[in-house]
Amino acid sequence: MTNREPLLRVEDLVVDYYSPRGVVRAVDHISFDIMPGEIVGLAGESGCGKSTAANAILGILREPAQMTNGRIFFQGQDIASMPPRAHRKFRWRHISMVFQSAMNALNPVLRVGDQFVDMVQAHERVSKRDALDRARDLLRMVGIDPLRVSAYPHELSGGMRQRVIIAMALALQPELIIMDEPTTALDVVVQREILQEIEELQRELQFAVLFITHDLSLLVEFSNRIAIMYAGEIVEMARAQELFREPKHPYTVGLMNSFPSLVGPKSMITGIPGSPPDLANPPTGCRFSPRCPHCTPYKTMVHPVLQEIEPGHLVACHLYGAEQELTHERASTAS
Amino acid sequence: MPFLYRRIAFYVIALWTSLTLNFLLPRLMPGKPIDAFYARYRLEIQNNPHFLDSLRIELGLPKTPLWQQYIQYIVNMLHGNFGISYSFYPTPVIDVIRTTLPWTLFLAGTATILTFLIGTFLGIVVAWRRGGKLDSLLPPVTMFASSFPAFFLALLLLYVLAYIGGWFPLEHSYSGGTDIGLNWPFLTDVADHAILPVAVIVLTGVGGWLLGMRNVMINTLAEDFITMAHAKGLSDFRVMMMYAARNAILPSLTGFAIALAYTVGGLVLIETVFSYPGVGFTLVQAAQGSDYPLVQALLMLITVCVLLANLFVDLIYARLDPRARTQ
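Next up, the structure:
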């Protein structure tokens, strides 16, 4: 896989929110890539910047959020610098997105079919009739009665709405689909069904997935690689199985221990003490240091850098690899 | 279409209730209409003792109990038999309405629709570019205009533009001596007379619609379906109109129905200032003259207009918001 060109390459992405309290850096110099057909998981607590990163990749950040640094390459082309018109044509055609809130992601006053039609017609010259035919095929594909094209969103259950959105995300056969917590708004049984549906569709259609969730246990069985985000930074990235077997970063370990395992002996669910830092005023040095069980006063001064400690396994932690020079000025730029 | 039947049943009950109130309200007012006639026809009454009785019968003021009057009243109303106006005696009420209503409908209808369209559209644009130049300019300016009492602004414009400037006519809805009908000089003359009153209503009313639409629209713009619409690659115009404004306009539409209905009876002050021969102007005269038949007929007219406007909005609301169709 290493000698192939990545489908998506995110380089040094920074997203700032301009709030009355000052600049809040929600995404802080993150870099990663996604290979064609690969499923990459992005996990972290609420507010760690994972959804913001997703919106930045798709180019739909809204005020007061702004991408202030970095580049996003899609098949070698820098999409972040595209003019708005070209970008509008690009998105959904090549990268689509399944939104977190199935309940609110559809326009309540338009029929499901019409919401397919306007999307298809924004990208292709097709008649309404053909676009509706395509919508019916797609609905059938995600297990919904094709007659539902004439339904309004409020006439569908939460699970059905999420399936509709998945069908919409598939409509233009994009190479990459970003799934931003696609199942959080649904109950557990429906969650399972939707995930299986996504897995089957992915196997069949071979699109790449950036799967965003706070549920690490879900990612381990579902994705190829996993990136862990904390306070706007990627703190660890590795192949799913490896991360599961040998989590390196204390935060990852903490996340792992926050979920009960379905098999194996009973164990204590420990969780992580404390709460995520205030991003308007992040701690200097390692951002996890106030909550880290291994931390020493020295480490609170030095900012750890993401580095490869084993082939394909990247960690940003003082417990691993060589010492870094003092970089606390970087942490103070945000304040 | 059971939705429609349910609504119509509701409106029939509402109509009956308001008819009953119309019957009671003028009778609760101080002063009896016959007193006004006493004053006017004192000599005849002194000379002819039967004059008063014949007057009572002609005016439909028999000395019967209230409940009999009520039944007679309902029957008359349903037959469109509104009686004879006391203050415009001996003109039938229906003729008084026939000459006043079209002017009010024209004046108030034009003004209300214009106000709604302008205000709502500005609200959409201002919310879409929130924090922009237009957004920091239009809401305060239009709210400043709304804070004028309409009659005051009307007097001001009338004085400055019509009296001093002489650019606009001073009173009435058309000039004497024009040939009434669908001809160009008459139509331009009518438009000329309508400009100032319409301008007053639009100027004082636009701010409310603008702010109402802006506030709902800003909330709507934060919805996830707007983000998804952007993500789908739709044009900004489509997202603004079909995704944001289309949802945000629903509360404004209800307000529009109420405003439309009020236009029929609610222009008393404007019509008085401009001596515009409409319903509001007439209603004031009728109330002052204890003119039961005219007051009753005008109030019923207003009620029916309110109900029709509401029914109309119910129907378009159902078209616009699919969630309102099922209950």
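So the protein lines, in turn, are chains R and G. If you count by my numbering, then the first sequence holds residues 1 to 335, one letter each, in order. If you count by my numbering, then the second sequence holds residues 1001 to 1327, one letter each, in order. Glycine is no exception: its CB is placed at the ideal position from the N, C-alpha and C atoms. Note that this is a predicted model, so its numbers are computed, not measured.
Asked: Pairwise C-alpha distance: D1321 (chain G) and R148 (chain R); Found: 18 angstroms
Asked: Of the residues R:A54, R:P84, R:V23 and R:S223, the one placed nearest V98 (chain R), counting alpha carbons only; Found: R:A54
Asked: Beta-carbon contacts of P277 (chain R) that lie in its chain and below 6 angstroms, excluding the five residues immediately before and after; Found: A231, P283 and R287
Asked: Which of helix, strand or coil DSSP assigns to E233 (chain R); Found: strand
Asked: Beta carbon proximity, Y17 (chain R) to chain G, threshold 8 angstroms; Found: no
Asked: Three-way DSSP call (helix, strand, coil) for V40 (chain R) in this model; Found: strand
Asked: Selection of the region 1245-1266 of chain G by Cβ proximity to chain R, strictly under 9 angstroms; Found: R1246, N1247 and L1250
Asked: Pairwise C-alpha distance: I212 (chain R) and L186 (chain R); Found: 15 angstroms
Asked: Chain R contact for Q1327 (chain G) (CB, 8 angstroms cutoff); Found: With a pLDDT of only 46 at Q1327 (chain G), under 50, the local geometry of the prediction cannot be trusted, and no value is derived from it.
Asked: The region 87-94 of chain R in contact with the region 1233-1241 of chain G per 3-pair CB rule at 8 angstroms; Found: yes
Asked: Cα-Cα separation, V23 (chain R) to V302 (chain R); Found: 22 angstroms
Asked: Nearest-angstrom Cα separation, counted from G1177 (chain G) out to P1185 (chain G); Found: 11 angstroms
Asked: Proximal chain R residues relative to L1004 (chain G), where beta-carbon distance stays under 8 angstroms; Found: None at all; the shortest Cβ gap to chain R is about 19 angstroms.
Asked: Cutoff 8 angstroms: S1235 (chain G) Cβ touching any chain R Cβ; Found: yes
Asked: DSSP state of P1092 (chain G) mapped onto helix, strand, coil; Found: strand
Asked: Within-8 angstroms CB hit, S60 (chain R) to chain G; Found: The sequence as given places Ile at residue 60 (chain R); Ser does not occur at that position. So, interface residue.
Asked: Beta-carbon separation (whole angstroms), L201 (chain R) vs L255 (chain R), contact threshold 8 angstroms; Found: Incorrect: roughly 27 angstroms between the Cβ atoms, too far for contact.
Asked: 8 angstroms Cβ shell around L1015 (chain G) - same chain, five flanking residues per side excluded; Found: T1303, V1304 and L1307
Asked: In chain order, each beta strand (DSSP E) run of at least 3 residues that lies wholly inside the region 184-228 of chain R; Found: 208-213
Asked: Nearest-angstrom beta carbon gap, M1217 (chain G) and A974 (chain G) [assumed within contact, 8 angstroms]; Found: Lying outside 1001 to 1327, the shown extent of chain G, residue 974 (chain G) is not represented and no answer is given.
Asked: Interface flag, F99 (chain R) vs chain G, CB-CB below 8 angstroms; Found: yes
Asked: Contacting residues, own chain, Cβ-Cβ under 8 angstroms from E308 (chain R) (five flanking each side not counted); Found: L314
Asked: L1267 (chain G) and A1154 (chain G) closer than 8 angstroms at C-beta; Found: no
Asked: Cross-chain neighbours of L1134 (chain G) in chain R, by beta carbon under 7 angstroms; Found: Result: empty, since nearest Cβ-Cβ is about 16 angstroms, beyond 7 angstroms.
Asked: Cutoff 6 angstroms; reference M1300 (chain G); Cβ partners in own chain excluding five residues on either side; Found: N1022
Asked: F1121 (chain G) at chain R interface by Cβ criterion, 8 angstroms; Found: no
Asked: CA-to-CA distance, G1123 (chain G) to P1139 (chain G), given in whole angstroms; Found: 9 angstroms
Asked: DSSP state of M35 (chain R) mapped onto helix, strand, coil; Found: coil
Asked: Beta bridge counterpart(s) of N69 (chain R) as assigned by DSSP; Found: R:V14
Asked: Simplified DSSP state of S1290 (chain G), which is helix, strand or coil; Found: coil
Asked: CB contact check: V109 (chain R) to chain G, cutoff 8 angstroms; Found: yes
Asked: Cβ neighbour criterion (16 or more within 10 Å) applied to T1020 (chain G); Found: exposed
Asked: Collapsed DSSP secondary structure at R1168 (chain G) in the structure displayed; Found: Here residue 1168 (chain G) is Phe; the residue named in the question, Arg, does not match the sequence. Three-state result, F1168 (chain G): coil.
Asked: Cβ shell of Q1046 (chain G) (< 8 angstroms), same chain only, five flanking positions each side left out; Found: none
Asked: 7 angstroms CB neighbourhood of V253 (chain R) in its chain, flanking five on each side removed; Found: P247
Asked: Beta carbon of D1291 (chain G) nearer than 8 angstroms to that of S1085 (chain G); Found: yes
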